[in-house]
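Protein chains in written order, with our numbering: chain A, 4 to 114; chain B, 668 to 785.
Glycine is no exception: its CB is placed at the ideal position from the N, C-alpha and C atoms.
Written out below as structure tokens is the structure these notes cover.
Right, dumping it as structure tokens:
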């Protein structure tokens, strides 16, 4: 079983739609959680950190459920520019500096 | 800030040749990471350095791969001899393991080196 699992998609949604991605992690001692975004043929970039209480950044909302070991990302009012691959990222206890990446969920927002 | 700088951006070489990838981390960052990304395996950590010292190289595929960080502003990843299965995008990332807990783990990636071994 992979340490971080995501639905690869692809998710094809119309502009303005709300879309949600989930990610599960296997290590209950995981410490930090992030969503990174990777555009086609570009490097991954931090989208947002995920806090235990949940957090919002504009149209993006991240949630963490430690009991069920999953993280979610909600995108409201999706834009064409949101089209990218979204990577779920976790650090594990004892390897605080090391990021473990999920395989990514591909999103295409259609006009 | 110039960000993480990698060179070359593209490299095409023949099987058996030596390949050297270069990385300049963000000034002031004390951790540096080398990743490899392929369609099949996604993003894999190869090795990381903290304060120029290799901490974990368990992700390095085999002895053909080696990495060095002679100083805080430069690192290399070398493949010798290269094989077609090494074809991938190689990313370098850096972070600053400072005092803010979450900020420690935020990594900033370079644009990557796209390697093709024929």
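| query | result |
| --- | --- |
| Span of the beta strand (DSSP E) holding residue 761 of chain B? | 755-762 |
| When you compare the CB of residue 672 of chain B with every CB in chain D, is at least one pair closer than 9 Å? | The structure shown contains no chain D; its protein chains are A and B. |
| At the level of alpha carbons, what is the spacing between residue 760 of chain B and residue 673 of chain B? | 9 Å |
| By DSSP's criteria, residue 51 of chain A is part of a beta bridge. Which residues make up the other side? | A:38 |
| Tell me which same chain residues have a C-beta within less than 8 Å of the C-beta of residue 10 of chain A, skipping the five on either side of it? | 24, 25 and 108 |
| In this structure, what does DSSP give as the bridge partners for residue 112 of chain A? | A:16 |
| Whose C-beta lies closer than 7 Å to the C-beta of residue 27 of chain A among residues of the same chain, with five residues either side of it excluded? | 8, 72 and 73 |
| Between residue 749 of chain B and residue 704 of chain B, how many whole angstroms is the CB-CB distance? I'm expecting something under 8 Å. | So it is not a contact: roughly 17 Å between Cβ atoms. |
| Return no unless some Cβ of chain A is closer than 9 Å to the Cβ of residue 712 of chain B. | yes |
| Over the uninterrupted beta strand (DSSP E) stretch that includes residue 729 of chain B, give me the two end residues. | Per DSSP, residue 729 of chain B belongs to no beta strand (DSSP E) and is neither H nor E. |
| For residue 723 of chain B, decide whether its Cβ has a neighbour in chain A, counting only Cβ atoms nearer than 9 Å. | yes |
| Give a yes or no on whether the minimum CB-CB distance between residue 82 of chain A and chain B is below 9 Å. | no |
| Is residue 673 of chain B near the ligand MG, in the sense that its beta carbon is under 8 Å from a heavy atom of that ligand? | For the structure depicted, the ligand MG is absent and the ligand set is empty, with no information on it obtainable. |
| Taking Cβ-Cβ distances shorter than 7 Å, what residues in chain B pair up with residue 46 of chain A? | 758, 776, 777, 778 and 779 |
| Do you know offhand how far residue 784 of chain B's Cα is from residue 94 of chain A's? | 32 Å |
| Helix, strand or coil, according to DSSP, for residue 675 of chain B in the structure here? | coil |
| Please identify the residue among A:112, A:87, A:6 and A:114 whose C-alpha is closest to the C-alpha of residue 49 of chain A. | A:87 |
| Check whether the Cβ of residue 732 of chain B lies closer than 9 Å to any Cβ atom in chain A. | no |
| Does residue 105 of chain A get closer than 9 Å to chain B when you measure Cβ to Cβ? | yes |
| Starting from the beta carbon of residue 77 of chain A, find every residue of chain B whose beta carbon is closer than 7 Å, and list them in chain order. | Ordered by position in chain B, no residue passes the 7 Å Cβ test against residue 77 of chain A, which lies about 20 Å from the chain. |
| Taking the alpha carbon of residue 701 of chain B as the reference point, which residue from B:695, B:717, B:694 and B:707 has its own alpha carbon closest? | B:717 |
| Identify which residue in A:112, A:103 and A:114 has its Cα closest to the Cα of residue 1 of chain A. | Since the displayed chain A opens at 4 and closes at 114, residue 1 of chain A lies outside it and no answer follows. |
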